[in-house]
Amino acid sequence: MAIESKGAYSINFVFNDFYLPEGAELYISNEEGDMLYGPVTSKVNTENGHFLTDLIKGDKVTIYLFEPSNKRNESQLTIKRVVHAYENMFSDMAYGQIGSSGNCNNNVACFPAWSKESDAVALVLLSNGTEWCSGSLLMTANQSFRPYFLSAFHCIDTDIPKGSLSSSEISNAENWMFKFQYKMSSCSGGYATSGVTYNRATFRAAWNNTDFALMELRNSPAGDSRFSWLGWDRSGNAPTAGTGIHHPSGDVMKISFDNDLITETAAGSTNSGTTHWFVDIDNGTLEHGSSGSPLFNPQKKVIGQLHNGYPGCNSSKQFWYGCFHRSWTGGGTNSTRLSNWLDPNGSGVITTNTSKSPTVSGPSSVCDQATYTVENLPAGAIVEWSVSNPNVATISNNGVLQVTNQTFALTNIQANIFTGGENPYTIRKERVMTGQPKFEIQPLGY
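For the sequence shown, the working numbering assigns the number 971 to the initial residue and increments by one for each residue that follows.
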């Protein structure tokens, strides 16, 4: 199906009644042929059938649906909304378009010292398909790599009256789309990367007083080396400087700096109150779409998320971030605080460190034998291995998987990682080829 909306910088879709059977794939491409979204598979099926696509560049796109012959006509989808972008969300200079955010913003690719932290930050597309926020993955005290995502209360609180969340607002937030790795390819410009998208999350907690919201992604990026989980500091100590990483106006990732002492105030105040950090940006700025993005102290630990301020390059550049240490206890209940989610065992730790996602390390093909380990394994974690073909592997006592079988097979390798008493999380290396295929040469017939 081809869809055109003349003059659109991009088109994206909101689907209802969305269902793909196993083996089906959905793609969306633009007319120019330089952007392809997909494959979308059965892994994104949701209980309520709601699905958001990413933005597809251009004003004419085509939706392709492929079904296996044995699943013919089992797919379902209804296009609820076609979103016409009247502003350019692609800052790819190769296409002759400037970024949608102000030119005083700093390209995060120009600051490689913040590369690991930027790998946890995402652009959020809200359920209406047109509004933007930002946010980030947070590490738990027991290093569980559960995909908890910190953003802003007001990104969920879209209805009148403000200040409380209805069941419909929470349901809408659970239909968000999360776009990670949306950056420029280099400091000098290059091109805008397509990003890595995840759909849907589960609401965990939110509190209006500090404007925080905590979601948990339905599908975890754990096992993908492109992702990080951010460390945090809940001490409440006033930092001597601050850094923000964000997506202003839905643009590619930017970074901003306050080089002075940051003080705790109320939202909108510069000298009193105890719920927000007051930040006076010295380099860069923040804009609509930056809401929910993390504030880092000089130790590169999260201490808050963006609430409000005076956006743009020509403003006072004064902003307020909800205090992480106030959100920790929040309103005193599981649904209004961070503590029981980020420290489920009640360890009482004050800080955590940023960590790259653990990954399965080892070759994709094995002719004789090979060893597989887990890189970036948290301290004290226990690994239990499993393979889809039990005849190809032996497991040592030190968390190492040894693949030795020379029989030709395709095998999926899975590592279950146990940390701090929580249920394990799983990372995989799929379709590892063992042995060598044997071919029988047949004479040609005439």
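Beta carbons are placed, not taken as given, at the ideal position from N, Cα and C, and that holds for glycine.
Fair warning: this is a prediction, and the values are worked out from it, not measured in the lab.
Given residue i as reference, the closest of the options once Cα atoms are compared
i       : options                               : result
THR1240 : THR1255, ASN1278 and VAL1357          : ASN1278
PHE1186 : PHE988, MET1147 and ASN1267           : Here the sequence assigns Glu to residue 1186, which means Phe is not the residue at that position. The shortest C-alpha separation from GLU1186 is found at MET1147.
VAL1330 : LEU1347, ASN1112 and ILE1320          : LEU1347
ARG1296 : SER1070, THR1324 and ARG1204          : ARG1204
THR1255 : SER1097, PHE1227, SER1088 and THR1404 : PHE1227
TRP1355 : GLU1345, LEU1371 and ALA1340          : LEU1371
TYR1342 : GLY1369, THR1321, THR1322 and SER1358 : GLY1369
THR1110 : ASN1207, LYS1271 and ARG1401          : LYS1271
ASN1284 : LYS1153, ASP1252, ASP1089 and LEU1184 : ASP1252
Chain-order list of residues whose beta-carbon lies under 7 Å from that of residue i (same chain, five-residue window excluded)
i       : result
ASN982  : THR1023, ASP1024, LEU1025, ILE1026, VAL1053 and GLY1099
ASN986  : GLY1019, HIS1020, THR1048 and LYS1050
TYR1065 : Confidence at TYR1065 is low in this model, with a pLDDT of 32, below 50, so its placement is unreliable and no value can be given for it.
PHE1036 : ALA994 and GLU995
SER1305 : ALA1175
SER1012 : LEU990, PRO991, GLU992 and ALA994
Buried versus exposed call for residue i [16 or more other C-beta atoms within 10 Å across all chains shown]
i       : result
CYS1080 : exposed
ASP1129 : exposed
ILE1352 : exposed
PHE1123 : buried
MET1223 : buried
ARG1042 : exposed
GLY1133 : exposed
PRO1082 : exposed
ASP1127 : buried
SER1061 : In this prediction, SER1061 has a pLDDT of 45, which is less than 50 and means its spatial position is unreliable; nothing more can be read from the coordinates.
GLN1269 : exposed
SER1104 : buried
PRO1264 : buried
PHE1119 : buried
VAL1200 : The question names Val, yet the displayed sequence has Leu at residue 1200. Per the 10 Å Cβ criterion, buried.
ARG1401 : exposed
Alpha helix (DSSP H) segment containing residue i, residue limits
i       : result
LYS1086 : 1085-1088
LEU1308 : Counting along the chain, LEU1308 falls outside any alpha helix (DSSP H), and DSSP gives it neither H nor E.
LYS1296 : For the sequence presented, residue 1296 should be read as Arg rather than Lys. Run containing ARG1296: 1294-1299, per the alpha helix (DSSP H) assignment.
Cutoff 8 Å; reference residue i; Cβ partners in own chain excluding five residues on either side
i       : result
SER1136 : ASP1129
PRO1191 : LEU1107, PRO1117, PHE1150, VAL1166, TYR1168, PHE1197 and SER1327
GLU1002 : LYS1027 and GLY1028
Close Cβ partners of residue i (< 6 Å) along its chain, the five nearest in sequence each way excluded
i       : result
VAL1010 : LEU996
ASP1194 : SER1327
ILE1068 : Note on ILE1068: pLDDT 39, under 50, position unreliable in the model; the coordinate value appears next. If we look at ILE1068 and ignore the five residues flanking it on each side, it has no Cβ neighbours.
GLU1044 : PRO991
GLY1206 : HIS1295
THR1389 : ASN1112, GLN1113, SER1114, PRO1348 and ALA1351
Range covered by the beta strand (DSSP E) that runs through residue i
i       : result
THR1235 : 1233-1235
GLU1144 : First-last for GLU1144: undefined, no H or E at that position.
TRP1355 : 1352-1357
HIS1277 : 1272-1279
PHE1123 : Note, PHE1123: premise wrong, no beta strand (DSSP E); alpha helix (DSSP H) at 1123-1126.
ILE1225 : 1224-1228
Check: residue i C-beta below 8 Å from any heavy atom of the ligand COA
i       : result
TRP1177 : This structure simply doesn't include the ligand COA, nor any ligand for that matter.
Chain B contact for residue i (CB, 9 Å cutoff)
i       : result
ASN1075 : In the structure shown, chain B cannot be found, because there is only a single protein chain.
* **Three CB pairs or more closer than 8 Å across the stretch 1248-1262 and the stretch 1214-1224** => Because the criterion of three Cβ pairs below 8 Å is met, the stretch 1248-1262 and the stretch 1214-1224 touch.
* Asked: Do the stretch 1272-1289 and the stretch 1234-1249 touch if we need at least three Cβ pairs shorter than 8 Å?
  -> Yes: the two stretches touch, three or more of their Cβ pairs being nearer than 8 Å.
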